[in-house]
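J.: Here the sequence shown stands for residues 1 to 366, numbered as in full-length UniProt numbering.
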Amino acid sequence: MRVIICGGGVIGACTAWFLRRHGIEVIVIERTEVAAAASGKAGGFLARDWCAGSPLDALARRSFALHAQLAQEIEGDWGYRPMTAYSGFVAPDGDPRRNAPSPLGWLANGVVIAQRIGTTETTAIVHPRKFTSAVMNAAVAQGAELRVGRITGIVRDANGTTAKGVEVEGSLVEADAVVIAMGPWSLLAAQWMRLPAVYGQRSPSIVYDVGTHVPADALFLEYDEDGSAVSIEVFPRADGSTHITALSDIAPLPLDPAAVAPDVDAIARLQIMCERLSPLFRPEKIIAQQACFRPVTEDGLPLIGKVPQSEGLYVATGHNVWGILNAPATGEALAQLIAKDATRGDLSPFDPARLRPLDPSLLQAR
Ligand SMILES: Cc1cc2nc3c(=O)[nH]c(=O)nc-3n(C[C@H](O)[C@H](O)[C@H](O)COP(=O)(O)OP(=O)(O)OC[C@H]3O[C@@H](n4cnc5c(N)ncnc54)[C@H](O)[C@@H]3O)c2cc1C
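1) Compute the beta-carbon to beta-carbon distance between Thr132 and Gly211, rounded to the nearest angstrom, for a pair I have assumed lies under 8 angstroms.
2) Under 8 angstroms, Cβ to Cβ, is there at least one residue of chain B near Thr132?
3) Between which two residues does the beta strand (DSSP E) harbouring Cys14 extend?
4) With DSSP as the reference, label Thr162 as helix, strand or coil.
5) Could you have a look at Val296 and say whether DSSP puts it in helix, strand or coil?
6) Let's see if you can read the secondary structure: which residues bound the alpha helix (DSSP H) around Thr132?
7) Tell me the DSSP bridge mates of Gln289?
8) Less than 8 angstroms between the beta carbons of Val111 and Leu277, yes or no?
9) Say yes only if the C-beta of Ser203 is nearer than 7 angstroms to one or more non-hydrogen atoms of ligand 1, and no if none qualify.
10) Kindly indicate which three-state DSSP category Asp57 falls into: helix, strand or coil?
11) Pick helix, strand or coil for Arg366, following the three-state DSSP scheme.
12) What does a CB cutoff of less than 6 angstroms around Arg116 pick up in its chain, not counting 5 residues either side in sequence?
13) If you count every other CB in all the chains shown that lies within 10 Å of the CB of Ser348, and 16 or more means buried, which is it?
14) Which residues in the same chain as Thr161 place their Cβ atom closer than 8 angstroms to its Cβ, once the five residues preceding and following it in sequence are excluded?
15) For the stretch 23-72, which segments carrying the alpha helix (DSSP H) assignment without a break, of at least 4 residues, lie completely within its bounds, in sequence order?
16) In whole angstroms, what is the alpha-carbon distance linking residue 370 and Leu221?
17) Quick check on Ser348: does DSSP put it in helix, strand or coil?
18) Could you give the residue range of the beta strand (DSSP E) that holds Gln115?
19) Considering Cα atoms alone, identify which of Asp299, Asp57 and Thr330 is closest to Ala353.
20) Look at the alpha carbon of Met182 and the alpha carbon of Arg97, and state the distance between them as a whole number of angstroms.
21) In angstroms with no decimal places, state the Cα-to-Cα distance between Ala218 and Ala291.
22) In three-state DSSP terms, what is His213?
23) Could you tell me whether the stretch 14-23 touches the stretch 134-152, where touching means 3 or more Cβ pairs closer than 8 angstroms?
24) Any heavy atom of ligand 1 closer than 7 angstroms to the CB of Ala42?
25) According to DSSP, is Ser186 helix, strand or coil?
26) Please look up how many angstroms separate the CB atoms of Thr15 and Ala339, rounded, as I've assumed it's under 8 angstroms.
27) Please go through the same chain and pick out, in chain order, the residues whose beta-carbon is closer than 8 angstroms to the beta-carbon of Arg3, but skip the five residues on each side of it.
28) Using the three-state DSSP reduction, which class does Glu169 fall into: helix, strand or coil?
29) From Leu104, Gly53 and Ala138, pick the residue whose C-alpha is nearest to that of Ala75; which is it?
30) Ordered along the chain, which non-local residues of its own chain (more than five positions away) have a Cβ less than 7 angstroms from that of Glu275?
31) State yes or no: is the C-beta of Asn137 nearer than 7 angstroms to some heavy atom of ligand 1?
32) Is there at least one non-hydrogen atom of ligand 1 closer than 7 angstroms to the beta-carbon of Ile151?
33) Pick out whichever of Ser102, Ala216, Ile232 and Asp256 has its Cα sitting closest to the Cα of Thr188.
If you want it as structure tokens, here you go:
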């Protein structure tokens with residue numbers, strides 16, 4: 001059996017790895033480069049039980065455990081490390097705590113820590129680009145093939161139901177099954193099959209090179225910006241880089257993933273916030289100012305499983321803010337489904353059939 005995976009983000013890489021573990025022939029077709037989009041620009045934060053009470057809980061717990069396991073199994077260093085997480089806020093001007101020293105010594109005065117919300121048992125981090133690349137490299141070392149190319153369609157049999165392969169800029173690449181894992185660009189696949197809508201939500205981020213000065217403390221802070229509360233997230237990683245993000249917005253998704261760029265004003269506002277958080281976040285320490293689009297569905301849950309009214313067509317996308325966390329369990333479960341492995345986990349909450357398919361004429365009008 002040969003499976004084509006469309007998209008070389010973290011979901012495509014993990015699916016390739018687990019399919020190879022079932023001995024299935026795999027070709028990954030990626031338009032730009034591995035981890036070119038959100039999978040290379042995310043924070044990389046992982047939490048074991050922050051999805052408790054939601055349909056994502058079992059997937060997240062399994063995936064959190066798989067991250068620890070893969071760090072032992074796969075060659076390469078992507079900075080997997082357990083970490084602590086805190087919530088808090090930045091005291092605004094006029095607040096009596098404005099000049100009080102922060103309990104975390106590396107933060108500026110007035111950064112108030114309210115609560116510890118994660119421990120080294122329950123929260124961890126990876127460098128997402130390095131993780132995605134290492135998993136893809138491992139899949140390739142196990143026999144998967146990685147090709148650069150733009151998927152432009154799906155090819156089916158004469159009845160129009162069974163996948164025969166994909167079209168890559170006019171050329172046919174044959175397969176017995178196809179997995180759509182193109183992040184927010186999976187929306188394009190709704191032209192080719194009955195798929196619910198997938199949207200892209202943009203977030204800017206700044207990455208600082210602060211070496212070993214910042215300990216393994218993730219921060220979830222409220223920041224008062226001219227009377228409005230803004231949530232800001234700080235993720236120090238094992239390689240000495242610290243990823244900081246805030247100010248998500250809705251923006252048109254560029255057709256070419258390589259054309260994604262941050263909004264200049266959003267980056268300027270974010271930089272002011274970062275400089276307020278710690279004297280370590282100085283302009284000369286910036287190593288990236290970037291943006292990426294998270295894939296989001298109508299009900300906020302991912303689409304993982306078989307595409308309705310088709311044979312051999314699968315989708316894995318819409319992981320929103322938890323794509324790095326949930327990629328290993330997604331890849332594992334999807335590979336089990338494709339390999340018809342009876343031990344597979346329950347993917348029913350993520351069944352693409354739960355949402356109405358997008359009307360393809362809406363896409364042609366874009
Ligand atoms: C600022 C930010 C911070 C985040 N932080 C975290 C975090 O801390 N923890 C966490 O768990 N998640 C986080 N996320 C979410 C996470 O990044 C995403 O959910 C995840 O990366 C989505 O992975 P993906 O493989 O589905 O999509 P993508 O990474 O978007 O990959 C899709 C791939 O498909 C390719 N492609 C597109 N069109 C085509 C085509 N026609 N043919 C071939 N290939 C194509 C693209 O080039 C791309 O490489 C964050 C997201 C953002 C934006």
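Note that CB positions come from ideal geometry on N, CA and C, so glycine has one too.
T.: Quick answer:
1) The sequence position of residue 132 within the sequence shown is 132, counting from 1. The sequence position of residue 211 within the sequence shown is 211, counting from 1. With a Cβ gap of about 24 angstroms, Thr132 and Gly211 do not count as contacting.
2) Absent from the structure is chain B; it holds one protein chain and no more.
3) Position 14 of the sequence shown, counting from 1, holds the residue named residue 14. Premise fails: Cys14 lies in the alpha helix (DSSP H), Val10 to Arg21, not in any beta strand (DSSP E).
4) Counting from 1 along the sequence shown, the entry for residue 162 is found at position 162. In the structure shown, Thr162 sits in a strand (DSSP, three-state: E or B).
5) For the purposes of this step, residue 296 is taken as residue 296 along the sequence shown, with counting starting at 1. DSSP places Val296 in strand when its eight states are reduced to three.
6) Indexing the sequence shown from 1 puts residue 132 at position 132. Where Thr132 is concerned, the enclosing alpha helix (DSSP H) stretches over Pro128 to Ala141.
7) Taking the sequence shown and counting its residues from 1, the one referred to as residue 289 is at position 289. Bridge partners of Gln289: Ile206.
8) Within the sequence shown, the letter at position 111 stands for residue 111. Within the sequence shown, the letter at position 277 stands for residue 277. Yes, Cβ-Cβ distance for Val111 and Leu277 is below 8 angstroms.
9) Position 203 of the sequence shown, counting from 1, holds the residue named residue 203. Checking every heavy atom of ligand 1 against the Cβ of Ser203, one is found closer than 7 angstroms.
10) Here residue 57 refers to the residue found at position 57 of the sequence shown. Looking at Asp57 - three-state DSSP - the assignment turns out to be helix.
11) For the purposes of this step, residue 366 is identified with residue 366 of the sequence shown, where counting begins at 1. Annotation note: pLDDT 49 at Arg366 (below 50); position unreliable, no value reported.
12) The residue given as residue 116 occupies position 116 in the sequence shown. Cβ within range, chain order: Tyr86.
13) Reading the sequence shown from its first residue, position 348 is the one you call residue 348. Exposed.
14) As a position in the sequence shown, residue 161 is number 161, starting the count at 1. Excluding positions up to five away in sequence, the list reads Gln309, Ser310 and Glu311.
15) 38-41
16) This structure gives no information on residue 370, because the portion of the chain shown stretches from 1 to 366.
17) Stepping through the sequence shown from its first residue, residue 348 is reached at position 348. Correct three-state label for Ser348: helix.
18) Here the question's residue 115 lines up with position 115 in the sequence shown. From DSSP, the beta strand (DSSP E) with Gln115 extends over Val111 to Gly118.
19) Along the sequence shown, one-based indexing puts residue 353 at 353. Nearest option by C-alpha distance: Asp299.
20) As a first step, residue 182 must be located in the sequence shown, where it is residue number 182. As a first step, residue 97 must be located in the sequence shown, where it is residue number 97. Using only the alpha carbons, I get a separation of about 46 angstroms.
21) Taking the first residue of the sequence shown as position 1, residue 218 is located at position 218. Taking the first residue of the sequence shown as position 1, residue 291 is located at position 291. Between Ala218 and Ala291, the C-alpha separation is close to 20 angstroms.
22) Along the sequence shown, one-based indexing puts residue 213 at 213. Helix.
23) Yes, the stretch 14-23 is in contact with the stretch 134-152.
24) By one-based count along the sequence shown, residue 42 stands at place 42. Answer for Ala42: yes, Cβ within range of ligand 1.
25) The residue given as residue 186 occupies position 186 in the sequence shown. Ser186: helix per DSSP, three-state reduction.
26) Start at 1 with the first residue of the sequence shown, and residue 15 comes out as number 15. Start at 1 with the first residue of the sequence shown, and residue 339 comes out as number 339. Not confirmed; about 12 angstroms, so no contact.
27) One-based indexing of the sequence shown puts residue 3 at position 3. The displayed chain sequence assigns Val, not Arg, to residue 3. Closer than 8 angstroms at the Cβ level, and outside the excluded window around Val3, lie Leu19, Ile24, Glu25, Val26, Ile27, Ala175, Asp176, Ala177, Val178, Val179 and Ile338.
28) Locating residue 169 in the sequence shown gives position 169, where the first residue counts as 1. Three-state DSSP puts Glu169 in coil, outside helix and strand.
29) Start at 1 with the first residue of the sequence shown, and residue 75 comes out as number 75. Sequence check: residue 75 is Glu here, not Ala. Nearest option by C-alpha distance: Ala138.
30) Translated into the one-based positions of the sequence shown, residue 275 becomes position 275. Closer than 7 angstroms at Cβ, skipping near neighbours: Phe281.
31) For this step, residue 137 is matched to residue 137 along the sequence shown. The answer is no for Asn137.
32) What you label residue 151 is simply residue 151 of the sequence shown in a count that begins at 1. Answer for Ile151: yes, Cβ within range of ligand 1.
33) In the sequence shown, counting from the first residue as 1, residue 188 sits at position 188. Correcting the residue type first, residue 188 is Leu in the shown sequence and not Thr. That would be Asp256, whose Cα lies nearest to the Cα of Leu188.
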